[in-house]
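Visitor: Residue numbers (our numbering): 15 to 228. Starting off with a structure, shown below.
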């Protein structure tokens, strides 16, 4: 055996070893790239869901606020109609029914019902908040409980005038306090979304308020 054959035999195992190392490194790189790719995709999906949640949370807070105010205007008008009927010795049940019929004809009763349904569906979506939105969701949930009671007052006025007014005042005070607390604790990203959404809804809700008060 000459020296060249001996050298080739020594190099062959080294070449095979180098190939194995290179293949192993490439395999590791491919696996790591796949892992990082999956992690990046999952993070993007998580961020997307977070943004979607923030948008719905902001919109729900605005819708609830305006719907509460519009319901409270209806309730205040019920109270005026009720009191005037008593003062004039009229049948207050008839007068309230007549006012509610006008609201039905101009679509304001249906609008409150649709608003309530939309907010109810949003609250179902919001049930599992990201960690950073838990406090905001908790406040919104509390506000939702007060809001639904005010809508009930607007859709079905019951009890005596004194009890009706007392309940209305209590609900209004609770909601105002919760609204102030919400504005203080609202995360910056949701606050910005909320402000933008409010601008788009203000004119629409103002028109509804005028119809209710007409």
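For every residue, glycine included, the Cβ atom is placed at its ideal position computed from N, Cα and C.
1) Note the first and the last residue of the continuous alpha helix (DSSP H) segment covering residue 140.
2) Are the beta-carbon atoms belonging to residue 144 and residue 151 less than 7 Å from one another?
3) What did DSSP end up calling residue 184 once you bin it into helix, strand or coil?
4) Applying the 10 Å Cβ sphere with the 16-neighbour rule, what's the burial state of residue 128?
5) Taking the continuous alpha helix (DSSP H) assigned at residue 200, which residues delimit it?
6) Rounded to whole angstroms, what's the CA-CA distance from residue 112 to residue 202? Just pull it up for me.
7) What alpha helix (DSSP H) runs, 4 residues minimum, are completely inside the segment 92 to 165?
8) Skipping 5 residues on each side, what residues in its chain have a beta carbon closer than 8 Å to that of residue 164?
9) Would you call residue 43 buried or exposed, if buried means 16 or more other Cβ atoms sit within 10 Å of its Cβ?
10) Please classify residue 15 as buried or exposed, where buried requires at least 16 other C-beta atoms within 10 Å of its C-beta.
11) If we ignore side chains and look at the alpha-carbon of each, how far apart do residue 132 and residue 104 end up?
12) Would you call the segment 65 to 75 and the segment 115 to 124 touching, i.e. three or more CB-CB distances under 8 Å?
13) With H, G and I counted as helix, E and B as strand and the rest as coil, what does DSSP make of residue 172?
14) When you compare each of 126, 140 and 141 to residue 162 by their alpha carbons, which one comes out closest?
15) Within 10 angstroms of the Cβ of residue 206, are there 16 or more other Cβ atoms? Answer buried if so, exposed if not.
16) Hey, how far is the Cα of residue 107 from the Cα of residue 227?
17) Residues in the same chain with beta-carbon distance under 7 Å from residue 204, minus the five sequence neighbours each way, listed in chain order, please.
18) Rounding to the nearest angstrom, what Cα-Cα distance links residue 91 and residue 220 in this structure?
19) Report the three-state DSSP secondary structure of residue 210 (helix, strand or coil).
Guide: Working from what's here:
1) Here residue 140 is taken as the residue at index 126 of the chain shown, counted from 1. Careful: residue 140 lies outside any alpha helix (DSSP H) and carries neither H nor E.
2) Taking the first residue of the chain shown as position 1, residue 144 is located at position 130. Taking the first residue of the chain shown as position 1, residue 151 is located at position 137. Contact: no.
3) Position 170 of the chain shown, counting from 1, holds the residue named residue 184. In this structure, residue 184 counts as helix in the three-state DSSP scheme.
4) For the purposes of this step, residue 128 is identified with residue 114 of the chain shown, where counting begins at 1. Looking at its Cβ environment, which holds fewer than 16 other Cβ atoms inside 10 Å, residue 128 is exposed.
5) As a first step, residue 200 is located in the chain shown; it is residue number 186 there, counting from the start. From DSSP, residue 200 is part of no alpha helix (DSSP H); its letter is neither H nor E.
6) In the chain shown, counting from the first residue as 1, residue 112 sits at position 98. In the chain shown, counting from the first residue as 1, residue 202 sits at position 188. For the pair residue 112 and residue 202, the Cα-to-Cα distance works out to about 46 Å.
7) 106 to 119 and 122 to 139
8) Start at 1 with the first residue of the chain shown, and residue 164 comes out as number 150. Contacts found: 82, 85, 86, 89, 182, 185, 186 and 189.
9) As a first step, residue 43 is located in the chain shown; it is residue number 29 there, counting from the start. Its Cβ having fewer than 16 others within 10 Å, residue 43 is exposed.
10) Residue 15 sits at position 1 when you count from the first residue of the chain shown. Here the model assigns residue 15 a pLDDT of 49, short of 50, so the residue's position is not dependable, and the following value carries that caveat. Per the 10 Å Cβ criterion, exposed.
11) Counting from 1 along the chain shown, the entry for residue 132 is found at position 118. Counting from 1 along the chain shown, the entry for residue 104 is found at position 90. Roughly 37 Å between the two C-alpha positions.
12) No, the segment 65 to 75 is not in contact with the segment 115 to 124.
13) The residue labelled residue 172 in the question sits at position 158 within the chain shown. Reduced to three states, the DSSP call for residue 172 is coil.
14) One-based indexing of the chain shown puts residue 162 at position 148. Of 126, 140 and 141, the residue nearest in Cα terms is 126.
15) Your numbering for residue 206 matches position 192 in the chain shown. That one is exposed.
16) Residue 107 sits at position 93 when you count from the first residue of the chain shown. Residue 227 sits at position 213 when you count from the first residue of the chain shown. When rounded, the distance between both Cα atoms is 19 Å.
17) Residue mapping note: residue 204 aligns to position 190 of the chain shown, counting from 1. Result list for residue 204: 68, 71, 72 and 150, in chain order.
18) For the purposes of this step, residue 91 is taken as the residue at position 77 of the chain shown. For the purposes of this step, residue 220 is taken as the residue at position 206 of the chain shown. One C-alpha to the other measures close to 16 Å.
19) Working through the chain shown from its first residue, we reach residue 210 at position 196. Reduced to three states, the DSSP call for residue 210 is helix.
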